[in-house]
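29 is the number that my numbering gives to position 29 of the sequence shown; each next residue is one higher, with no gaps. Even glycine gets a Cβ: it sits at the ideal position worked out from N, Cα and C. This one's a predicted model, so the numbers in the text were calculated from it and none came from an experiment. Reviewing the structure listed below.
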Amino acid sequence: MKPVHTTHLNALLLPLAGRTLMLPSAAVAEVIRYPDQPAPVGNAQGWLLGNIDWRGLSLPLLSFEALAGRSLPPPSGRIAVLNLTDERARIKFCALLLQGFPRPLQADEQLPRNNDEPLAALELCAVSLADGKTAIIPNMPALEQQLLAAGVL
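And the structure:
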């Protein structure tokens with residue numbers, strides 16, 4: 001009998017308020033501490049918490065919860081700097097407010113979907129993890145489109 005070959009995905013679980021996002025590790029450039037005070041942005045949408053300085057770039061700091069139509073969580077101690085792929089963006093990164101420490105995960109590419117989990121805007125699907133918890137796969141192209149439409153990229 002031939003052994004079954006499965007492909008694994010190196011992912012990060014990003015804790016949010018009441019949710020956990022799962023992104024490929026390559027989508028996260030770095031995890032940094034929350035700054036003392038993000039620089040305010042005039043006429044900012046509620047999900048845009050300000051701009052932060054990262055490696056000489058001014059990045060928009062956003063709340064995924066608020067972007068997805070949920071309530072804005074309080075500031076916490078960590079931020080994930082995400083790599084963006086849309087060629088129209090003038091900057092190729094954004095900062096995402098976290099509610100804890102990211103965890104690495106080596107996941108099978110065939111994670112079972114959790115169809116019982118209600119999804120919000122910008123949430124592509126929910127998957128069941130081996131520990132019985134659920135992770136949300138964000139719709140990153142839609143998120144980037146929303147950021148572009150708002151003029152923050």
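Please classify residue i: does DSSP put it in a helix, a strand, or coil?
i: A68; result: coil
i: L153; result: coil
i: E123; result: strand
Find out if the Cβ-Cβ distance for the pair residue i, residue j is shorter than 8 angstroms.
i: L111; j: V127; result: yes
i: C94; j: L62; result: yes
i: T20; j: A135; result: yes
i: E144; j: A107; result: no
i: L12; j: S25; result: yes
Between residue i and residue j, how many whole angstroms is the CB-CB distance? I'm expecting something under 8 angstroms.
i: G100; j: P15; result: 4 angstroms
i: A29; j: V81; result: 4 angstroms
i: I79; j: L96; result: 7 angstroms
Per the contact definition of three or more C-beta pairs closer than 8 angstroms, is the stretch 27-35 in contact with the stretch 66-73?
With the cut-off at 8 angstroms, the stretch 66-73 and the stretch 27-35 do not touch.
Are three or more beta carbon pairs between the stretch 122-137 and the stretch 43-52 nearer than 8 angstroms?
Cβ pair count under 8 angstroms is below three, so no.
Scan the stretch 29-104 and note each continuous alpha helix (DSSP H) run of 4 residues or more that stays entirely inside, going in chain order.
Runs found: 64-67.
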